[in-house]
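Participant: Okay, handing you the structure first.
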Amino acid sequence: MRLIVRKERPHSGAQLRLTDADGMRLACFATNTTSRPIADLELRHRLRARAEDRIRAARATGLRNLPLHRAAQNRV
43 MRLIVRKERP HSGAQLRLTD ADGMRLACFA TNTTSRPIAD LELRHRLRAR
93 AEDRIRAARA TGLRNLPLHR AAQNRV
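Laid out in structure tokens, this is it:
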């Protein structure tokens with residue numbers, strides 16, 4: 043198993059944590075894939091994280107969170 047760690051700047055609205063050293067955030071992930079270069083693994087991981095964020099956002103904007111009860115009324 044490999045643990046891949048990288049330092050990145052938090053986005054402009056992010057709250058800094060106690061673990062953020064010198065204003066940089068540590069991002070890490072573990073993988074069992076050994077046949078691919080680290081850059082490819084990191085790209086795969088980041089694409090997967092974006093997809094999960096989109097799914098989470100789609101669930102948060104479900105019909106129960108819209109102001110009206112019927113779908114036709116919320117189309118406007």
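Position in the sequence shown (first residue = 1) + 42 = my numbering. Note that the Cβ used here is the ideal one computed from N, Cα and C, for glycine as well. Quick caveat, the model's predicted, so the values are computed rather than measured.
Considering only residues of the same chain and omitting the five flanking positions on each side of A63, which have a CB-CB separation below 7 Å?
Facilitator: In the sequence shown, counting from the first residue as 1, residue 63 sits at position 21. For A63, where only same-chain residues beyond five positions count, there are no Cβ hits under 7 Å.
Participant: Considering only the beta carbon of each residue, do R89 and A72 sit closer than 8 Å?
Facilitator: Counted from its first residue, the sequence shown places residue 89 at position 47. Counted from its first residue, the sequence shown places residue 72 at position 30. Before going on, a small fix: residue 89 reads as Leu here, not Arg. Not in contact: L89 and A72 (Cβ atoms no closer than 8 Å).
Participant: Do P52 and R67 have their beta-carbon atoms positioned less than 8 Å apart in this structure?
Facilitator: Numbered from its first residue, the sequence shown carries residue 67 at position 25. Numbered from its first residue, the sequence shown carries residue 52 at position 10. Yes, the Cβ-Cβ distance between R67 and P52 is below 8 Å.
Participant: Excluding sequence positions up to five away, which residues of its chain have a Cβ less than 8 Å from the Cβ of T76?
Facilitator: The residue given as residue 76 occupies position 34 in the sequence shown. R44.
Participant: I'd like the list of long-range same chain contacts for R96, defined as Cβ closer than 6 Å, with 5 residues on each side in sequence excluded.
Facilitator: Locating residue 96 in the sequence shown gives position 54, where the first residue counts as 1. For R96, where only same-chain residues beyond five positions count, there are no Cβ hits under 6 Å.
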